[in-house]
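Numbering (my numbering), first residue to last: 15 to 241.
All remarks here apply to the structure that follows.
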């Protein structure tokens, strides 16, 4: 089997070298390195990596600006020092498949995240997962609109999710794997997969990152793909 190939986009050459060394120990090949978003886009088209590791803040074209173009070419894992909830939310909206904050992951965690994102499974480090949960809780609680008596309809009602599906969607948004969800809910992984299939159908999404974005209110109906 051909080795998994990644592109690293970060303006710090020391960070790029460190990531390349960590990935090499797991047999993951670094196909190319980029110092900004523009170069990342060019090199992605040239080398067709399996996964892109993308920093948020870079000179010239930054990661967030390049993200919507890069996700059309390969799955993207944000790998950055930026941990603000607004940035995490925007990255998910634009199609990122995972979000790791430097200093919060081990080499094994990094390798697992790369493989998860390649397979379409969302992956978050603790600070990013907390940011997602904060947004999730804020968006799922009824909020009164200024000057109006009506209340915001909770997400589960909007999408028609059952209480169990709502619980599992929250765990998905926190970055849990199917195995972790199964253990948390005391159900089998097969049952988890059945719930997730129904959740994806109700949210009209095809991947975990799309479902999280829709659930957090960052994606409008019809925006997410179904391929």
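Note that CB positions come from ideal geometry on N, CA and C, so glycine has one too.
Predicted model, so just to flag it, every value in this text is computed and none were measured.
Straight-line spacing of the CA atoms in residue 70 and residue 85 works out to 14 Å. For residue 134, same chain residues with a beta-carbon under 6 Å away, outside a window of 5 residues either side, are 221 in chain order. With 16 or more other Cβ atoms inside 10 Å of its own Cβ, residue 228 counts as buried.
Linking residue 19 to residue 52 through their CA atoms gives a straight-line distance of about 20 Å. In the DSSP assignment, residue 209 forms no beta bridge with any residue.
Contact annotation: residue 124 and residue 114 have beta-carbon atoms nearer than 8 Å.
Looking at the DSSP output, residue 138 shares a beta bridge with 113. Residue 200 counts as exposed, since fewer than 16 other C-beta atoms from the protein chains shown sit within 10 angstroms of its C-beta. For residue 173, the closest of 50, 77, 218 by C-alpha to C-alpha distance is 218. Taking C-beta separations shorter than 7 Å and ignoring five residues to either side along the sequence, the partners of residue 140 in its chain run 118, following chain order.
The alpha-carbon of residue 87 is positioned some 25 Å away from that of residue 99.
The beta carbon of residue 79 is closer than 6 Å to those of 51 in its chain, skipping five residues each way along the sequence. Nearest to residue 22 by alpha-carbon distance, out of 138, 109, 67, 209, is 67. Taking 8 Å as the cut-off, the Cβ atoms of residue 45 and residue 54 do not count as close.
Residue 74 is not a Cβ neighbour of residue 90, given a cutoff of 8 Å. Sequence-distant partners of residue 132 (beyond 5 residues in either direction) whose C-beta falls short of 8 Å from its own C-beta, in its chain, are 18, 64, 65, 89. Between residue 77 and residue 94, the CB-CB gap stays under 8 Å. In this structure, 225 is the residue among 137, 121, 225 with its C-alpha nearest to the C-alpha of residue 175.
Taking 8 Å as the cut-off, the beta carbon of residue 142 is found closer than this to the beta carbon of residue 97.
Between residue 152 and residue 137, the CB-CB gap reaches or exceeds 8 Å.
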